[in-house]
Amino acid sequence: MSVFAALALVLSGCGEPFLSTLTPAGEVAYQQYDLMILSTVIMVAVIVVVTIIFVLAITRFRRKKGEEDKIPKQVEGSHTLEIVWTVIPIVLLLILAVPTVIMTFDQADVKAMDEEPNEEGVRDALVVNVRASLYWWEFEYPDYGVITSQELVVPTDQKVYFNLIASDVKHSFWIPAAGGKMDTNTDNVNKFWLEFDSEKADEANNLFYGKCAELCGPSHALMDFKVETKSQEDFQAWLNAMQSAEEVAPADTAAAQGQQIFEQSCLSCHAVTPQDGRPEQARLAPNLATFGERSRIAGILDHNEEELKNWIRDPEQYKPGNKMTGTYQELSEEELDQLAAYLMSLKVEEK
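Encoded structure:
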C-alpha cells in the first residue's frame, strides 16, 4: 500500500499544459496557482513545527526509569505560551487571508461588461454567454450575433468576460489551465473573467480542455469542451468569418441527400449557421455550424465519420442520460452515410 500511496503522490503532480492547474496559462490561473503554493507552504510549515514539537515531547519529556514519581515543571497559565500559540496562527491566517481577499475582488471585477456599446453595438470588453445543458455547452458572443457549441474560441492576452447560466440542472464551468471553476445555475447568472497567455497557448498548441466540475448526472464526467486560442488579429478574423457565414451548400450528391435527412430529422433542434436568431429556450441542441472543423464528436469521440455514425445510432451508449432522441435512430446504413457526409461538410473556416 505504501508503494501505491507514493505513486499516487508522484502522479498527482503530473499534468499536461492543456489540462493542468499546475501549468497555469493565464492571469487568473497564475493567481490561483500562487495562492495554492502559499497555502501549501504555510500548511507544510505548520506540520513540520508540530511534528518537531511532538518528537521533542515524546523523547525529552518521556518517563525515565527511576523517575516514575517525579513531577515535571508545570506551566499551566503561562502567558508567554498563550501569546505565542495565539499570535502565530493569527499571523499565518493574515498572510493567507490578505492575498486571498485581494485576488477574490480582482477576479470578481466585471464592471467592464456593463459599459455602453459603441455605435455598432460592440463593447470594448469581449463578452461570452456560456449556457450549460445536459451534456453539452453553448457559447454565444452577444455583441457579434455568433453562437458556437462544444468549442469555445478566445483571443490571447485579452480579458474574456463570461456570463454563466444553466438550462436544466446545476453545472460548473472550469478550464483547469486557465483558472475559474464557477457554477452555472438555472435561476441566476454568475460572472467572471479569464485571460489566456499567448506563450502558454503556444506550448499547448492553442488548444485547452474545459470540463463540468459539478456532478450533474450519469454523463457528468463526459461533459467536456475544447478551448481554441487565437491571436487577437486571428480572433477578429474568425469573428468576421462567423458573422458572414452562410449555410453550407452540399458539395456532392451524398451530402445533398444527407441535408434532406437532416432537415427532416434534426433541424428542429440543431442550427447550421453561427447566426442562430432563435431564443434561448428554442436552442435545444448544439449549434452545428462548425461541426466539420471540430476536434471531437459529442466532446469525447474521435472526429471521423465512423464515430459520428456510431453516435447517431445510439447516443445513449456514449452519454447516458443525454436528451438526443429522434427518428434518426431508425436510419439505414446508406442514410447514415449520407447524413455523416453532410455534417462533416459543415465548415466556416477551411482547415
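Just so you know, we're using full-length UniProt numbering here: the sequence shown kicks off at 1 and counts up by one.
Don't be surprised by glycine CBs; every beta carbon is placed ideally from N, CA and C.
Rounded Cβ spacing between residue i and residue j (contact assumed at less than 8 Å)
i: L301; j: L343; result: Going by Cβ atoms, the distance from L301 to L343 rounds to 13 Å, so no, they are not a contact pair.
i: I42; j: L96; result: 6 Å
i: G210; j: I175; result: 4 Å
i: R131; j: S172; result: Going by Cβ atoms, the distance from R131 to S172 rounds to 13 Å, so no, they are not a contact pair.
i: E228; j: V127; result: In fact, because the Cβ distance is near 18 Å, the residues do not count as touching under 8 Å.
i: T51; j: Y33; result: So it is not a contact: roughly 27 Å between Cβ atoms.
i: P99; j: L38; result: 7 Å
i: E138; j: P315; result: Incorrect: roughly 18 Å between the Cβ atoms, too far for contact.
i: M103; j: L35; result: 6 Å
Residue i vs residue j beta-carbon contact at 7 Å
i: G26; j: E151; result: no
i: L164; j: N190; result: yes
i: D183; j: K170; result: yes
i: G258; j: A201; result: no
i: F18; j: A204; result: yes
i: A255; j: S149; result: no
i: K319; j: L207; result: no
i: G145; j: D224; result: no
i: G217; j: L284; result: no
i: S198; j: D157; result: yes
i: R313; j: H303; result: no
i: V28; j: G179; result: yes
i: Y161; j: A213; result: no
i: W193; j: K159; result: yes
i: A251; j: V272; result: no
i: P155; j: K230; result: yes
i: N129; j: E140; result: yes
Span separating the alpha-carbon of residue i from that of residue j
i: H220; j: I147; result: 23 Å
i: K347; j: L239; result: 14 Å
i: A241; j: E247; result: 12 Å
i: K351; j: I88; result: Because the pLDDT at K351 is just 47, under 50, the model does not fix this residue reliably, and the value given afterwards should be weighed accordingly. Roughly 59 Å separates the two Cα atoms.
i: L92; j: A45; result: 10 Å
i: Y30; j: T23; result: 9 Å
i: P72; j: W85; result: 21 Å
i: D276; j: I90; result: 55 Å
i: T40; j: V110; result: 29 Å
i: H270; j: P117; result: 30 Å
i: E335; j: A177; result: 41 Å
i: V122; j: N185; result: 26 Å
i: P306; j: T253; result: Sequence inspection shows Glu at residue 306; the Pro mentioned does not correspond to that position. Going from the Cα of E306 to the Cα of T253 covers about 19 Å.
i: E333; j: Q243; result: 35 Å
i: Q338; j: E233; result: 37 Å
i: N322; j: I297; result: 14 Å
i: R63; j: V101; result: 47 Å
i: M324; j: Q236; result: 33 Å
i: Q264; j: E330; result: 13 Å
i: L81; j: E115; result: 55 Å
i: A282; j: Q107; result: 32 Å
i: K181; j: C266; result: 32 Å
i: S78; j: F105; result: 41 Å
i: T59; j: I83; result: 25 Å
i: G66; j: F54; result: 23 Å
i: W311; j: Q317; result: 8 Å
i: F61; j: I47; result: 20 Å
i: A249; j: S268; result: 19 Å
i: G292; j: P279; result: 25 Å
i: S70; j: E76; result: The residue asked about is misnamed: residue 70 is Lys in this sequence, not Ser. About 17 Å.
Per DSSP, the bridge partner or partners of residue i
i: L35; result: Paired residue(s): none; L35 is not in a bridge.
i: P151; result: It is worth fixing the name first, because residue 151 is Glu in this sequence and not Pro. K226.
i: N163; result: N129 and K191
i: F173; result: M182 and C212
i: D302; result: R296
i: V146; result: Y141
Range covered by the alpha helix (DSSP H) that runs through residue i
i: Y342; result: E333 to M344
i: E316; result: P315 to Y318
i: D88; result: In the sequence as presented, Asp is not what sits at residue 88; that position holds Ile. Looking at the DSSP string, the run of the alpha helix (DSSP H) that includes I88 is H79 to Q107.
i: K200; result: S198 to E203
i: A256; result: T253 to S265
i: Q232; result: Q232 to S244
Limits of the beta strand (DSSP E) - the one that residue i falls within
i: T186; result: It is not in any beta strand (DSSP E) - T186 carries neither H nor E in the DSSP assignment.
i: K211; result: L207 to C212
i: E138; result: W136 to Y141
Residue i: CB within 6 Å of a non-hydrogen atom of the ligand FAD
i: E246; result: Ligands displayed in this structure: none; no statement on the ligand FAD is therefore possible.
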